[in-house]
Amino acid sequence: MTQRNTSQKKQRGFINAGPGQQNEPRVMRAAQEAARPLEETFKSLHTSLRGLTCAQAADRLQHDGPNEIAHDKPPHWTRQLLHAFHNPFVYVLLVLAAISFFTDVYFAAPDDRDYVGMTILLAMVTISALLRFVQEFRSLRAAEKLKAMVRTTATVQRAVTDTSEPARREVPMREVVVGDIVHLSAGDMIPADVRLLTSRDLFISQAVLTGEALPVEKYDTLGAVAGKSAHAGMAGTPGAANDASTSLLDLENVCFMGTNVVSGTATAVVVATGEDTYFGSLARNVVSHKRIETSFDRGVASVSWLLIRFMFVMVPIVFMINGLTKGDWLSALTFALAVAVGLTPEMLPMIVSANLARGAIAMARRKVVVKRLNSVQNFGAMDVLCTDKTGTLTQDKIILEHHLDLSGHRNEDILRLGWLNSFHQSGQKNLIDIAVVARADEIGERVKPQGYGKIDELPFDFVRRRLSVVVEDTHGAHLLICKGAVEEMLAVSTHVQDEHGVRPLDFVARKRLLEQANAYNEDGFRVLVLATRAIPRGVEREQYRTADERDLVVRGFLTFLDPPKESAAPALAALRDNGVSVKVLTGDNPTVTMKVCRQVGLEPGKPVLGAEIEALDDATLAQVVERTTVFAKLTPLQKARIVKALQANGHTVGFLGDGINDAPALRDADVGISVDSGADIAKETADIILLEKSLMVLEEGVIKGRETFGNILKYLNMTASSNFGNVFSVLVASAFLPWEPMLATQLLVLNLIYDTSQMLLPWDKMDPEFLKKPRKWEAGNIGRFMLWVGPTSSVFDITTYVLMWTVFGAGAMYHLQGGSGGQIVMNSGWFIESLVSQTLVVHLLRTQKIPFLQSTAALPVLLSTFTAIAIGCWLPFSPFAASLGFMHLPGTYWLWLAATMVGYILLAQIVKTIYVRRYKQWF
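Positions 201 to 1123 (the numbering used here) are the ones given, in order, by the sequence shown.
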């Protein structure tokens, strides 16, 4: 390794084990920095508490590269090209091509060698794979452009020059470098591996690394451990970091890339970025490019293997019948291979990719970013949408309507206390605190007490449901100001202060407070209680704990107006009309939630609270989630548990949320939906991100997802049923005709023309009726469709055999000439009839309605199908006719063909009508 490369690896985050230890694993920089004094860490990283200058950061970014890990980047085009060949249908075709090579070329006599079959098979493999590669390459590029619109950011501290004051800056996470000082608060993603410098009640979710749902508390190394937890080990000390029994993830003064802040605040120095982080090492060592298999992937795989199993059953039967009846086993093998090709929907991967990409691009035009292409189909399959309330159903602007004392009168002292709390809190900038500060700005300086300095804060979390700030007045006295949810505040309060002074919070006072809060809730207001505690002289300190939230004196109420979005009611109505039921999962008060639900046209029913959820086992919860619309006062993990319960009941579940408390549910849902203004962790976890405030795009996304899925189903159903019909016809012909009804080469050409004509199906339209309800993968439905529709085409294939044998002289020629006499007539006639019928019937099978009269295909599909028919009819007259084994057919044949097609369409329409009446659906 060169000196430059060694330096670069040190800078990025890894240190080699040392001389003589080349075979030992390298020690991660995070572990080393956790053990060092801060001065040594700053010296090692060439940084300081001021952070880097912009020029220094730019140099390090140029030197070290962007802060990205392997699976954040799209794979190289060569890897994508190889992946395009990775599907079972291509493997089947390659095996068939190899067999064709040995039977038709390698073991054949020099004069009998035939390269046509092998060439066609390889051409089909190449066309299928290249089309898939082009489509997926374009799709990934489009997806990267879309994801770039919602890149997560980090707050770093940088100065313009060495002499200027450093300032906080929002930079893309990929531009964070080693030595940066980062500021963290609730909802932030940890942008790299960092060592903590300061922390305040910092809780980190490491679920992405450990799978552990509960957050862990992290501490800085400046005495916070002793102050926060008497039993916590001193992970920031040298001994702790070097203890062999201490896991890297147990280091309490280190946070790792990919985890997120649940609550609290911190500053930290970046010690490793990109692939040199702990997360990056996992990406290298644990097959980083392997995607998690979704329900969509499983659906495609199940259908693919259904068709392959069907092929494995039918092809040997065709081989045995032809071998036994004709006596030419080599010819029977060649023909059976051609039948296998006919049963292989090799265009399926390309059709799937094209449909998903078109869906994502169409949604992008509506300002909807699709981060994962497969979520397009999941959007359409969704039959339950769980949604948070605040910021999703309601506007992303909350208004502080009242600041009331306990007598119900407006009182500016209450607003002053509220302003001190909201102004000085440095955690997640939420709508509540923004509203309090905004109201104080409207009234003026008289409600903004001067001379108060912030001492400490106890950030909000979803268990306490409150937030405290400790301030110091001009006399040095400490005052703890706490605001939070009503019940949680009363649980830590012992007194009330009203016009009569301070008195105990007894049963009567508690009941009165609850009645007041409930009355405000029923009027549609969100209510917070404000309380204080004067810290006794002599026990003041610089750092406070949640245990200090006790013996509070209730001072008053803050009531907020959280109006619903104008688009919420029509969007929810549209979802209901499209078969998607909506459930509200919120941490808010049930009374307020029910009022908002009624305002948006959602009947709330009886709400279920988080405490009730906690007491239920999984079996009981599975019943409760089916009959309940509103779940209130939930923790983040309870939201995720409800989502999982719905999934266990067979639902495809979407979750719409924008806060850090929504992240677990967004991760577990089949399709997670967030908004661009949401918390970093919410946007990172979501599959789909809405860039505009209107919720009407939800309906459009559902419809586009169903349209995408419908066009994939069309290809599968039509191809599977047509191929099954052809094989059924081949079985009958093989049993009764003295030769194959179609040469192997002709079967391959037929399949190539037909598959090529299906390439434009992603551009087709879907009937409105199909889009009215959720659709899921059901391999059994495809098998049933194939068994009903396939034999219908066989009726007319067999009719064609009879016509070619009797009317057009194939039988007479065989009896006169013997051997292959009449075969060319039979082959030519059935080739044209088979191609025309299975291509023309696309228009009948693509819709539940009467084709051309009630439902017409999109122009690209019309052009592709009729072009395929024209090519098929031209081949017997083309210069290639003789080499393909075709001959000119008399004019009367075309009249019989037209009559046969009319009969086929009429019978297929009758079968379709019976099928729909029996099974209540077409696809």
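Glycine included, each C-beta is placed from N, C-alpha and C at the ideal position.
Evaluate R737 with the Cβ neighbour count: other Cβ atoms within 10 Å of its Cβ, from every protein chain shown; 16 or more gives buried, anything less gives exposed.
R737 comes out exposed.
Classify D605 as helix, strand or coil using the three-state DSSP reduction.
DSSP places D605 in strand when its eight states are reduced to three.
Between L775 and V784, how many whole angstroms is the CB-CB distance? I'm expecting something under 8 Å.
About 13 Å; that fails the 8 Å criterion.
For the pair the segment 359-372 and the segment 319-338, tell me if three or more CB-CB distances fall below 8 Å.
Not touching, per the Cβ criterion.
Would you mind working out which of F479, G464 and A407 sits nearest D393, comparing C-alpha positions?
F479
Taking the beta strand (DSSP E) that V569 belongs to, which residues open and close that run?
V568 to V570
If we ignore side chains and look at the alpha-carbon of each, how far apart do Y720 and Q1054 end up?
56 Å
Which of the three DSSP states is assigned to I888 in this structure?
Per DSSP, reduced to three states, the secondary structure at I888 is strand.
Going by DSSP in three states, Q1201 sits in which element: helix, strand or coil?
Absent from the model: residue 1201. The displayed extent of the chain is 201 to 1123, so no value can be given.
Candidates S385, T525, A309 and R236: which alpha carbon is nearest L937's?
T525
Taking Cβ positions, are V753 and Q697 nearer each other than 7 Å?
yes
So if DSSP puts C682 in a beta bridge, which residue, or which two residues, is it bridged to?
S668 and A731
Starting from P372, follow the beta strand (DSSP E) in both directions and report where the run begins and ends.
A367 to P372
Please tell me whether M966 and G910 are closer than 7 Å, where the distance is taken between their beta carbons.
yes
I'd like the span of the alpha helix (DSSP H) that includes D870, first residue to last.
Where D870 is concerned, there is no enclosing alpha helix (DSSP H), given that its DSSP letter is neither H nor E.
Could you give the distance in angstroms between the alpha-carbon of D955 and the alpha-carbon of Q280?
23 Å
Using a Cβ-Cβ cut-off of 6 Å (strictly less than) and excluding sequence neighbours within five positions of E742, which residues of its own chain qualify?
none
Could you pull the start and end residues of the beta strand (DSSP E) that A773 belongs to?
It is not in any beta strand (DSSP E) - A773 instead sits in the alpha helix (DSSP H) that spans A768 to D777.
With 16 as the cutoff for other CB atoms within 10 Å, does Q203 come out buried or exposed?
Reliability of the predicted coordinates at Q203 is poor, the pLDDT of 40 falling under 50, and no value is obtained from them.
Given A640, which residues of its chain have a CB within under 7 Å of its CB, disregarding the five upstream and five downstream residues?
Apart from sequence neighbours up to five positions away, the residues of its chain that approach A640 with a beta-carbon distance below 7 Å are L615, W619, V647 and K648, ordered along the chain.
Please name the residue, chosen from S504, L449 and T465, that lies closest to T477 on a Cα-to-Cα basis.
L449 is the residue among S504, L449 and T465 whose C-alpha sits nearest the C-alpha of T477.
Suppose contacts are defined by Cβ-Cβ distances below 7 Å. Is T992 in contact with L1107 by that definition?
yes
Please name the residue, chosen from A773, T1039 and T303, that lies closest to C950 on a Cα-to-Cα basis.
One detail in the question is off: residue 950 reads as Leu in this sequence, not Cys. Here the closest residue by C-alpha is T1039.
From R338 to M389, what distance separates their C-alpha atoms?
29 Å
Which full runs of the alpha helix (DSSP H) of 4+ residues lie inside the segment 1060-1084, going along the chain?
Counting only runs of 4+ residues, the alpha helix (DSSP H) found wholly inside the segment 1060-1084 occupies 1081-1084, in chain order.
Got a sec? Which residues, its chain only, sit under 6 Å from G651 by beta carbon, not counting five neighbours each side?
T674
Taking just the CA atoms, how far does V552 sit from A845?
30 Å
From R1138 to L600, what does the alpha carbon distance come to, in whole angstroms?
There is simply no residue 1138 to check, as the chain begins at 201 and stops at 1123 in what is shown.
Using C-beta distances below 8 Å, list every residue in its chain close to H695, excluding the 5 sequence neighbours before and after it, in chain order.
Excluding positions up to five away in sequence, the list reads V702, R703, P704, L705, D751, L752, V753 and V754.
Once the 5 residues before and after E247 are set aside, which same chain residues still bring their CB inside 7 Å of it?
Checking the sequence shown, residue 247 turns out to be Thr, not Glu. So the qualifying residues of the chain are G379 and V469.
Should Q595 and P804 be called a contact, given that it needs their Cβ atoms to be closer than 7 Å?
no
Taking the beta carbon of M1087 as the centre, do at least 16 other beta carbons fall within 10 Å, making it buried, or is it exposed?
exposed
Using the C-alpha atoms, what's the distance from K765 back to A441?
Reliability of the predicted coordinates at A441 is poor, the pLDDT of 38 falling under 50, and no value is obtained from them.
Suppose contacts are defined by Cβ-Cβ distances below 7 Å. Is V376 in contact with N460 by that definition?
No, these two residues do not count as a Cβ contact at 7 Å.
Under 7 Å, do F285 and A329 count as touching if we go by C-beta distance?
yes
For the putative contact between I381 and L249, defined by C-beta atoms under 8 Å, what is the C-beta separation to the nearest angstrom?
Right, their Cβ atoms sit about 7 Å apart.
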